[in-house]
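From first to last, the protein sequence lines are chains A and B. Residues 14 to 135 (the numbering used here) make up the first sequence, in order. Residues 14 to 135 (the numbering used here) make up the second sequence, in order. Ideal Cβ positions, reconstructed from N, Cα and C, are used throughout, including at glycine. What follows is a set of notes on a single structure, which appears directly below.
Protein chains: 2
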Amino acid sequence: MIISLMLALIVYATTSAQEKPQIVRLAKIEVDSAQLDRYKILLKEGIEAAVRLEPGVMTLFAMYEKDQPTHITVLEMYADQEAYQKHLQTPHFKRYKTATKDMVKKLELIDVVPIGFETKMK
Amino acid sequence: MIISLMLALIVYATTSAQEKPQIVRLAKIEVDSAQLDRYKILLKEGIEAAVRLEPGVMTLFAMYEKDQPTHITVLEMYADQEAYQKHLQTPHFKRYKTATKDMVKKLELIDVVPIGFETKMK
């Protein structure tokens, strides 16, 4: 009984942490137009690997502006600072960072605070 | 058997539509600092009502910048143009729009195209 209560608490704590990322950020990236197609492939690969392989990487939404396709925004959510630091050390992030080094002309990281996050997507 | 196949196809089609919003947008909003607290409450209410009540409003993520709290970004996803037009006619959207008319100093709508949307949140 006590063990199941403890398990329930652990599950609850894990779920809560998953639902409330402590780090939420907008990365604004400007990419060299000549290398844009390749950049988008590398970004997509990096994002998919991070969310699939890292428990603390909760959301990575990458998009480009229709009218300015070299202007990219990534909405990033990490469980906490530790998860983010771990993310920076992963092989897939290092691969992305190295491969895109000469493609990225500008990178701005903007810390944000959620007002409301509502979705019906999974 | 044929009916269950058809049903399965319909469910699949609905799910696919839900997973691929046709309209994705970043709304960049600048708010009068004196009315910011009230604005955030109204925005949060509007977002919650829209995603809860409207099948075609798939995602509304609203956030403010830590270093510039009057700068707000909303990531918006609608199933299609029709869903978006319907959204504009709902009582909750009209209430938000009227109530915040004098709070919003700037509004920029930026159409974006997904590169990769990955999340483990529900």
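- Message: Is the beta carbon of E61/B closer than 9 Å to that of Y131/A?
- Response: Note that residue 131/A corresponds to Glu in the displayed sequence, not to Tyr. Going by C-beta atoms, E131/A is nearer than 9 Å to E61/B.
- For L35/A, which option in M90/A, P82/A, T72/A and T83/A has the closest C-alpha, if you only look at C-alpha atoms? The sequence shown places Gln at residue 35/A, rather than the Leu named in the question. For Q35/A, the nearest C-alpha among the options comes from M90/A.
- Message: Please give me, in chain order, every unbroken run of the beta strand (DSSP E) with length at least 3 that falls completely inside the segment 67 to 95 of chain A.
- Response: Taking only runs of at least 3 residues, the beta strand (DSSP E) segments lying wholly in the segment 67 to 95 of chain A are 70 to 78 and 84 to 91.
- Message: Between the segment 45 to 59 of chain A and the segment 99 to 115 of chain A, can you find at least three pairs of beta-carbon atoms closer than 8 Å?
- Response: Flag = yes, the segment 99 to 115 of chain A and the segment 45 to 59 of chain A touch.
- Message: Excluding the 5 residues flanking L73/B on each side, which residues of the same chain have their C-beta closer than 7 Å to its C-beta?
- Response: Here the set comprises I60, A63, V64, V87 and E89.
- Query: From this set, I54/A, P104/A and E67/A, which residue's C-alpha is nearest A92/A's C-alpha?
  - Reply: Ranking the options by Cα distance to A92/A, first place goes to E67/A.
- Task: State the start and end residues of the unbroken beta strand (DSSP E) segment that holds K118/B.
- Result: Start and end: V117 to T132.
- Consult DSSP for A30/B and reduce its assignment to one of helix, strand or coil. Bear in mind that a pLDDT of 44 at A30/B, under 50, signals an unreliable position, so the number given afterwards is only what the model happens to contain. Three-state result, A30/B: helix.
- Can you list the residues of chain B that F106/A reaches, using a CB-CB cut of under 9 Å? Neighbours of F106/A across chain B, judged by C-beta separation under 9 Å, do not exist; the nearest C-beta is about 14 Å away.
- Can you give the Cα-Cα distance for Y109/B and I42/A, rounded to whole angstroms? Rounded to the nearest angstrom, the two C-alpha atoms are 31 Å apart.
- For I128/A, is the classification buried or exposed, using 16 other Cβ atoms within 10 angstroms of its Cβ as the cut-off for buried? That one is buried.
- Task: Report yes if the C-beta distance between V37/B and V125/B is below 9 Å; otherwise report no.
- Result: Yes, the pair counts as a contact, with Cβ atoms nearer than the cut-off.
- Beta-carbon separation of K133/A and M71/B under 9 Å? Contact flag set, yes.
- Note the first and the last residue of the continuous alpha helix (DSSP H) segment covering K107/A. Unbroken alpha helix (DSSP H) run through K107/A: P104 to A112.
- Message: Can you find the residues in the same chain that come closer than 7 Å, C-beta to C-beta, to L122/B, ignoring five residues on each side of it along the sequence?
- Response: Answer for L122/B: R38 and A40, listed in chain order.
- Query: At a CB-CB cut-off below 8 Å, which residues of chain B make contact with T72/A?
  - Reply: Neighbours of T72/A on chain B, chain order: E131, T132, K133 and M134.
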